[in-house]
Amino acid sequence: RRPQTFGAEWQLDQERWLRAARSNLAPNGRIAIVIGDGDGIDALESTCDAAAAVGGLKLCGWASIRAADNNDGDGDGGGGGDGDGGGAGGNNGGGVGGGGGPRRRGNRRPEHAIIFEKFESAE
Numbered sequence: 044r045r046p047q048t049f050g051a052e053w054q055l056d057q058e059r060w061l062r063a064a065r066s067n068l069a070p071n072g073r074i075a076i077v078i079g080d081g082d083g084i085d086a087l088e089s090t091c092d093a094a095a096a097v098g099g100l101k102l103c104g105w106a107s108i109r110a111a112d113n114n115d116g117d118g119d120g121g122g123g124g125d126g127d128g129g130g131a132g133g134n135n136g137g138g139v140g141g142g143g144g145p146r147r148r149g150n151r152r153p154e155h156a157i158i159f160e161k162f163e164s165a166e
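Heads up, the sequence shown is in my numbering, so the first residue is 44 and it goes up one at a time.
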């Protein structure tokens with residue numbers, strides 16, 4: 044892939060696979076996704092944006108973790124979705140930002156667990 048268009052192509056790929064996954068879910072079925080940041084992309088934001096573009100997926104909850112500089116094992120929170128799902132999180136609350144730039148040896152990238160539920164629109 045060309046570096047200039049990587050972000051846009053990544054986002055289109057996100058939408059494609061989420062659309063395919065959604066089509067295989069039963070009504071009210073859930074999908075759990077574990078994905079990590081990379082190449083300057085905040086995977087949590089990217090995945091939630093893709094789900095919104097696809098439609099028919101409600102965010103139930105999420106949790107993120109990153110390696111702490113002081114090695115205290117602190118997670119970076121989580122959040123509930125738009126419905127009754129609720130999320131699990133670490134000690135800090137809130138989300139973790141995007142992880143651009145090179146990683147130091149042994150430095151882990153932020154990872155996210157995201158749960159969506161399929162809903163049918165009342166059209």
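Just so it is clear, CB atoms sit at the ideal spot from N, CA and C, and this is done for glycine as well.
(request) For Val77, I'd like the list of residues in its chain whose CB is within less than 6 Å of its CB, leaving aside the five on either flank, ordered along the chain. (result) Ala156
**Item:** Cβ-Cβ distance between Asp92 and Pro153 below 8 Å
**Value:** no
If we count the other Cβ atoms within 10 Å of its Cβ and call it buried at 16 or more, is Leu55 buried or exposed? Exposed, by the Cβ-count rule.
**Prompt:** Whose C-beta lies closer than 8 Å to the C-beta of Pro70 among residues of the same chain, with five residues either side of it excluded?
**Reply:** Lys161, Phe162 and Glu163
Note to self: Quick check: the Cα distance between Gly99 and Ala75, rounded to an integer number of angstroms?
What the structure shows: 15 Å
**Message:** I'd like the list of long-range same chain contacts for Thr90, defined as Cβ closer than 7 Å, with 5 residues on each side in sequence excluded.
**Reply:** Gln57, Ile76, Ile78 and Ile157
**OP:** Run the CB neighbour count on Thr48, radius 10 Å, all protein chains shown included, and call it buried at 16 or more, exposed below.
**Re:** exposed
Notebook entry, point to check: Anyone know if the C-beta pair for Leu61 and Ala86 falls short of 8 Å?
Noted result: no
If you draw a straight line from the alpha carbon of Ser66 to that of Val97, how long is it in whole angstroms? 10 Å
* Determine the contact status of Ala110 and Arg151, defining contact as a CB-CB distance below 8 Å. => Contact: yes.
TODO: Could you check the C-alpha separation between Arg59 and Ile108 for me, to the nearest Å?
DONE: 26 Å
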